[in-house]
Amino acid sequence: MAIELRPASECLYDEISLGEVMLRLDPGEGRVHTTRQFTAWEGGGEYNVARGLRRCFGLKTAVVTAFADNPVGRLIEDFILQGGVDTDFIQWRDYDGIGREVRNGLNFTERGFGIRGAVGCPDRGLTAASQMKPGDVDWEHIFGKLGVRWFHTGGIFAALSDTCPDTVIEAVKAAKKYGTIVSYDLNYRPSLWKGIGGHERCQEVNREIAKYVDVMIGNEEDFTACLGFEVEGVDENISNIEIDAFKNMIKTAVKEFPNFQATATTLRAVKTATVNDWGAIAWHDGEFYESTPYPELEIMDRVGGGDSFASGLIYGFLATNDPQQAVDYGAAHGALAMTTPGDTTMASKKEVEKIMSGGGARVVR
């Protein structure tokens, strides 16, 4: 049985994401604590999905977020506009001059190399997005009047503050009311939950949100930490995974949350920061679907690879409603995204489909 999608003719948007968008500052091949210059990009777990769907796959997408109205916020907006993502639902907050009340998030990110892993140093306290609350967004207008086929959000946004979980729940309830498919990337970040109730609060929030999710995305750590499902045989660093054990856990999860129409996860074995085994697996309607594996994938910048997997997966469902095609689009898109710098994709649909069909890295002339 295929996922029941709203007809495209009834919807202005193919996909909308709810989440924080930050300014990423990248020292290139250097280190944050020694560099004298950074390259600026935009990025955010949920936003990256909307941008991938727009920029790579050509769908009509938008982002719902909030910024402090200052030059940094306007710079991020300009990046979003360059990516083709609709900015109509960005909320602007008055800036107090020094960021005492509201500000925009920064994310200093080292790519890593060889034995030195990637490092993120976020600076996101008091961001405008983290202060979003129920009632700020007219979801009835977005889902009911304008129409949206797919809504995506995730555990990063839900962990930003005490009000963000309620904002997510308000949104997913409205999406369900109008038949919009809801996907959610668990994206567990212990540092985000630390100040607002820790692991216990994380599970409480995510298990409540999970009741409204159609497509649940996350790796083995995410399902364990956020939803409380254990994966047998996983080492304490969660560096590798036995696929059969993960399948058993998913079978348990879909029994507890029968609203899940599909689940998906990336399969990553980290050999070095620049060489990973990569692949993905999805569950839909009682069956599992594995992507083409990408052993010893050479990586330039791994940040955003999972988001690009999610956008490829969503595109596959929207375009073909075939779970095998969806997981293959996701894995190929995620692999390509990690060969370029920044959080967001620089791949084209043609390149993704070339990789899916077994195409290599020969020079294209």
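Counting in this note's numbering, the final residue of the sequence shown is number 543, and the numbers go up one at a time with none missing. Idealized CB from N, CA, C, for every residue including glycine.
Three-way DSSP call (helix, strand, coil) for residue i in this model
i, result
"S339", "coil"
"V409", "coil"
"N282", "coil"
"N415", "Only weak support is given to the placement of N415: the predicted model assigns it a pLDDT of 45, under 50, and the question is left unresolved by the model."
"D363", "strand"
"N397", "coil"
"G230", "helix"
"V505", "helix"
"D274", "coil"
"T402", "helix"
"K238", "coil"
"R379", "helix"
"I268", "strand"
"N454", "strand"
"S195", "strand"
"V250", "helix"
"M179", "coil"
"T498", "helix"
"K311", "coil"
"E474", "strand"
"E188", "helix"
"F466", "strand"
"E220", "strand"
"I459", "strand"
"G536", "coil"
Member of the options whose CA lies at the smallest distance from the CA of residue i
i, options, result
"G180", "Q439, G483 and L338", "One detail in the question is off: residue 180 reads as Ala in this sequence, not Gly. The option with the nearest alpha carbon to A180 is Q439."
"I421", "E198, Q309, L201 and N397", "N397"
"S195", "L201, G222, P205 and E182", "G222"
"S339", "Y362, G262 and K311", "K311"
"V383", "E399, D344 and V409", "D344"
"E465", "A451, P501 and V210", "P501"
"G520", "I459, N285, E193 and G236", "N285"
"G508", "E476, E468, T518 and V481", "E468"
"R202", "T305, C299 and L445", "C299"
"G457", "P473, T450, A451 and K449", "P473"
"K351", "G373, G322 and G375", "G322"
"V481", "N499, T522 and A442", "T522"
"V250", "P205, H211, A306 and F291", "A306"
"V505", "D463, T444 and T452", "T444"
"V360", "A447, P205 and I492", "I492"
"V530", "H511, T517 and I428", "H511"
"G283", "D274, L304 and T517", "L304"
"M427", "T452, A451 and W461", "W461"
"G494", "R446, G236 and W219", "G236"
"G376", "E386, L496 and A337", "A337"
"V297", "I533, N499 and G208", "G208"
"F407", "Y390, D392, K433 and V391", "K433"
"W219", "E348, T287 and V453", "T287"
"I258", "E224, Q503 and R271", "E224"
"A515", "E348, R302 and N226", "N226"
Where residue i falls, given that 16 or more other Cβ within 10 Å makes a residue buried
i, result
"G536", "exposed"
"C189", "buried"
"H319", "exposed"
"I334", "buried"
"E414", "Residue placement at E414 cannot be trusted, given a pLDDT of 49 that sits under 50; the coordinates are not used to answer."
"S417", "Unreliable placement is indicated for S417, whose pLDDT of 43 sits below 50; the coordinate value is still reported in the next sentence. Classification of S417: exposed, given that the 10 Å Cβ count is below 16."
"R543", "Low confidence applies here, because R543 scores a pLDDT of 43, under 50, leaving its location unreliable and the question unanswered by this model."
"V541", "Unreliable placement is indicated for V541, whose pLDDT of 44 sits below 50; no coordinate value is reported for it."
"Q260", "exposed"
"N437", "exposed"
"I293", "exposed"
"I276", "exposed"
"E476", "exposed"
"T518", "exposed"
"D316", "exposed"
"T430", "exposed"
"T217", "exposed"
"R214", "exposed"
"R252", "exposed"
"S489", "buried"
"D463", "exposed"
Integer-rounded CB distance, given that residue j should sit under 8 Å from residue i
i, j, result
"R289", "M478", "7 Å"
"A388", "M394", "7 Å"
"T341", "Q381", "19 Å between Cβ atoms; not a contact."
"R327", "E182", "About 11 Å separates the two Cβ atoms, so there is no contact after all."
"A246", "R281", "5 Å"
"G325", "Y191", "7 Å"
"V391", "Y362", "4 Å"
Is there contact between the stretch 477-485 and the stretch 524-533, where contact requires at least three CB pairs shorter than 8 Å? no
Taking 8 Å as the cut-off, does the stretch 367-374 touch the stretch 224-239 (at least 3 CB pairs, one atom from each stretch)? no
Determine contact between the stretch 264-271 and the stretch 236-250, defined as no fewer than three beta-carbon pairs at a distance below 8 Å. Because the criterion of three Cβ pairs below 8 Å is met, the stretch 264-271 and the stretch 236-250 touch.
Between the stretch 447-463 and the stretch 199-215, can you find at least three pairs of beta-carbon atoms closer than 8 Å? Counting Cβ pairs under 8 Å, fewer than three are found: no touch.
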